[in-house]
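As numbered in our numbering, residues 1 to 339 make up the sequence shown, in order.
Quick reminder that beta carbons are idealized off the backbone N, C-alpha and C, glycines included.
Keep in mind that this is a model prediction, so the values were computed, not measured.
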Amino acid sequence: MAENKTTTRVSVPKVELHCHIEGAAPPSLVKRLAERDGIDVSRIISPDGKYIWSDFTSFLKAYDLASSVFRTPADYGLLAETYFRMLAAEGAIYGEVFISPDHARAGGLSYQSYVEGIAAGIERAKIDTGIEGRMIAIGVRHFGAGSVERVIKEVLAFQHPMVTGFGLAGDEREGHPANFAKAFRMAKEAGLGLTAHAGEFGGAESVTAALEFLGVSRLGHGVKAIEDKALVRRLVEEGIVLEVCPGSNTALGVYPVLRFHPVNLLRRQGVRITLNSDDPPFFRTTLGKEYSSVAETFGWSFEDQLDVTLTGIEAAFCDEATRQRLRVRLDSAKEKLDA
Ligand code: ADE
Ligand code: ZN
């Protein structure tokens with residue numbers, strides 16, 4: 001049975017392009033699996049069941065420990081099913097999750113078992129709710145270029161139809177994008193969609209470097225681009241899509257409060273943006289909360305929110321038949337909302 005089924009009333013159809021599967025683990029599930037295997041997680045989960053961390057570095061450590069309790073394909077299947085059911089309950093019609101083969105290996109799982117476990121969970125959620133899912137394999141920047149190259153080699157050695165993208169996450173303050181150019185070239189040659197975290201803890205120059213060296217069509221966060229007018233123009237001209245995660249940014253102190261977040265300015269200047277939850281229980285958020293808090297803070301209408309979802313559909317790393325089905329679902333939801 002999947003945990004944490006929610007019954008949020010469906011409103012705007014939503015799409016999520018930026019969520020780390022391990023970062024979506026409900027603390028209750030992490031605690032239960034930790035107890036099963038005798039792992040002490042009291043450092044990262046409070047007695048009242050909330051994740052504990054204090055800054056980006058301690059968040060990354062808490063994330064590593066939480067991930068380590070997932071040990072079998074069934075564990076990951078349960079996590080994926082739980083998450084995709086929650087997404088669907090919030091009105092999402094499509095979700096992409098970042099998967100981290102390095103974290104799976106730390107828990108003793110091969111790449112193949114990891115992917116097959118998650119795929120089974122996504123399929124189960126789809127049967128009941130209709131939500132479509134895909135996976136983006138990520139390398140962890142602060143683990144170094146060797147480990148990022150090992151990830152792309154694993155992805156290529158066992159090609160799974162639901163793994164449609166390749167990306168870079170982890171601590172942006174470490175390692176220049178040039179170090180990862182080879183891995184991204186290999187991913188591009190294999191036809192995978194490309195995205196990289198940049199412009200979260202790094203500045204505009206970090207965004208420029210990701211574009212130059214990694215050839216991505218999307219950026220994880222990317223919000224610091226607002227500090228460089230020429231870069232904003234470039235994002236608009238090249239149609240680069242930002243996977244914006246406002247709740248993550250305010251939780252991690254990138255911006256003090258949502259009204260100072262640049263998501264509205266970026267969109268008004270013509271940058272293509274999507275809304276995402278990143279690591280939802282760590283940041284006490286959900287995809288639904290991201291849509292509603294941004295809409296409330298910046299006065300975004302239903303039409304604005306539908307436009308954000310459409311951007312997500314156009315930028316999704318999926319096949320064209322799926323994209324067309326998603327457009328049809330969005331259109332029919334629009335008609336119902338208009339009626
Ligand atoms: N891994 C999980 N969450 C992340 C984030 N917000 N930034 C970079 N790497 C991450
Ligand atoms: Zn992220």
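Tell me whether residue i sits in a helix, a strand or coil according to DSSP, three-state version.
i, result
"Asp278", "strand"
"Met186", "helix"
"Phe166", "strand"
"Ile44", "coil"
"His221", "strand"
"Lys229", "helix"
"Phe84", "helix"
"Thr7", "With a pLDDT of 36 at Thr7, under the threshold of 50, the predicted position of this residue should be treated as unreliable, though the coordinate-derived value follows. Reduced to three states, the DSSP call for Thr7 is coil."
"Lys50", "coil"
"Gly139", "strand"
"Thr286", "coil"
"Arg272", "strand"
"Ile93", "strand"
"Leu17", "coil"
"Glu172", "coil"
"Leu242", "strand"
"Ala198", "strand"
"Arg325", "helix"
"Gly23", "helix"
"Arg134", "strand"
"Phe260", "helix"
"Phe158", "coil"
"Ile313", "helix"
"Phe98", "strand"
"Gly215", "coil"
"Gly193", "strand"
"Ser206", "helix"
"Ala39", "Here residue 39 turns out to be Ile, not Ala, going by the sequence shown. Reduced to three states, the DSSP call for Ile39 is coil."
"Val357", "Nothing about residue 357 can be read from this structure; the chain reaches only from 1 to 339."
Give the C-beta separation of residue i and residue j to the nearest angstrom, bearing in mind that I take them to be a contact with Cβ-Cβ under 8 Å.
i, j, result
"Lys289", "Gly222", "Between Gly222 and Lys289 the Cβ distance is about 21 Å, and since that is not below 8 Å, they are no contact."
"Pro47", "Thr309", "At roughly 38 Å, the Cβ-Cβ gap does not stay under 8 Å, so Pro47 and Thr309 are not in contact."
"Met186", "Ile152", "5 Å"
"Val241", "Thr274", "6 Å"
Under a Cβ-count criterion, where at least 16 other Cβ atoms within 10 Å of its own Cβ denotes burial, should residue i be classed as buried or exposed?
i, result
"His20", "buried"
"Gly38", "exposed"
"Lys224", "buried"
"Glu189", "exposed"
"His387", "Nothing can be reported for residue 387, as the shown portion of the chain is limited to 1 through 339."
"Gln324", "exposed"
"Pro345", "The requested residue 345 is not part of the displayed model; the chain covers only 1 to 339."
"Thr6", "Confidence is the limiting factor: at Thr6 the pLDDT is only 37, short of 50, which leaves the residue's position unreliable, though a coordinate-based value still follows. So Thr6 ends up on the exposed side."
"Gln159", "exposed"
"Phe302", "exposed"
"Asp75", "buried"
"Ile99", "buried"
"Arg36", "exposed"
"Arg272", "buried"
"Thr285", "buried"
"Asp128", "exposed"
"Pro161", "exposed"
"Ala230", "exposed"
"Phe184", "buried"
"Thr57", "exposed"
"Gly170", "buried"
"Met1", "Low per-residue confidence applies at Met1: pLDDT is 38, beneath 50, and the placement is therefore not dependable enough to give any value."
"Gly312", "buried"
"Asp278", "buried"
"Gly270", "exposed"
"Asp338", "exposed"
"Ser42", "exposed"
"Asp55", "exposed"
"Asp102", "buried"
"Arg9", "In this predicted model, Arg9 has a pLDDT of only 43, less than 50, meaning its place in the structure is not dependable; the value taken from the coordinates is given anyway. It counts as exposed."
Nearest chain B C-beta to residue i closer than 8 Å, yes or no?
i, result
"Glu320", "The chain labelled as chain B is not found in the depicted structure, where only one protein chain is given."
Worksheet item: Quick one, what's near ligand 1 if you take every residue whose CB is closer than 6 Å to any heavy atom, in chain order?
Response: Having a Cβ closer than 6 Å to some heavy atom of ligand 1 are His20, Gly23, Tyr63, Ala169, Gly170, His197, Glu200, Ser248, Asp278 and Asp279.
Worksheet item: Counting pairs of Cβ atoms below 8 Å between the stretch 319 to 336 and the stretch 81 to 97, do you hit three or more?
Response: Counting C-beta pairs closer than 8 Å gives three or more between the stretch 319 to 336 and the stretch 81 to 97, which meets the contact rule.
Worksheet item: Within the chosen definition, does the stretch 123 to 136 reach the stretch 314 to 323 through at least 3 CB pairs nearer than 8 Å?
Response: Yes, the stretch 123 to 136 is in contact with the stretch 314 to 323.
Discussion item. Contact between the stretch 109 to 120 and the stretch 138 to 150 is defined here as three or more beta-carbon pairs at a separation below 8 Å; is this criterion met?
Written reply: At 8 Å Cβ cutoff, the stretches do not touch.
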